[in-house]
Amino acid sequence: MTRLGPFRWWHISEALSIEADLFGAEQWSAAMFWNELANQHHYLAALDATDALVGYAGLAVAPPDEAWVQNVAVRRDAQRAGIGRMLLVELLAEATRRGVRRVLLEVAVDNAPAQRLYATYGFEPVGVRRGYYQPSNTDALVMQVELERANNG
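For the sequence shown, my numbering assigns the number 16 to the initial residue and increments by one for each residue that follows.
Structure representation (structure tokens):
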């Protein structure tokens, strides 16, 4: 059974292993995770029954009403079990709680499974960032979803 909780500094080493496996040369560094936590961005950890990290996701809110999904990652052996979906749903719920109107993200143009997941939740392509992912020089598709205001205002 997977449960979500706050992503904490002690999850960084496990996250780095997931990053290396999934993203190779484009993986985040420990410093990037520390920076996200220091800036108090909203980060979630998906933990298995042994409290091992099986996934994580982050949201950076840009006042007054915009947010960016920083990352959504699920350990390879735990993929296709709904963990990425669970993380994304909770990020969107947090964005709504914070009064965010628009959530944006970047996803590699060759990552069709992630693009399908995001489209399921209303994300639509709004642009391309050429050569965004380095060192592979892979383009990023920018996607966004408009949220209902939590206070209907």
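A virtual CB, placed ideally from N, CA and C, is assigned to each residue, including glycine.
Cβ of residue i within 9 Å of Cβ of residue j?
| i | j | result |
| --- | --- | --- |
| His26 | Leu106 | no |
| Gly70 | Ile98 | yes |
| Leu52 | Arg23 | yes |
| Val118 | Leu74 | yes |
| Ala64 | Glu29 | no |
| Val14 | Ala129 | Because the chain spans 16 through 168 in this model, residue 14 falls outside it and cannot be assessed. |
| Leu102 | Gln159 | no |
| Ala93 | Gln85 | no |
| Leu31 | Thr111 | no |
Buried or exposed: which applies to residue i, given that a residue is buried once 16 or more other Cβ atoms fall within 10 Å of its Cβ?
| i | result |
| --- | --- |
| Val122 | buried |
| Met16 | exposed |
Which of the three DSSP states, helix, strand or coil, is assigned to residue i?
| i | result |
| --- | --- |
| Trp83 | strand |
| Ala123 | strand |
| Asp154 | strand |
| Arg131 | helix |
| Ala30 | helix |
| Leu52 | helix |
| Ala45 | helix |
| Val89 | strand |
How many whole angstroms separate the CB atoms of residue i and residue j, which I take to be in contact at a CB cut-off of 8 Å?
| i | j | result |
| --- | --- | --- |
| Val76 | Val115 | 6 Å |
| Val143 | Asp125 | Actually they are not in contact, since the Cβ atoms of Val143 and Asp125 sit about 12 Å apart, beyond 8 Å. |
| Arg100 | Leu132 | 6 Å |
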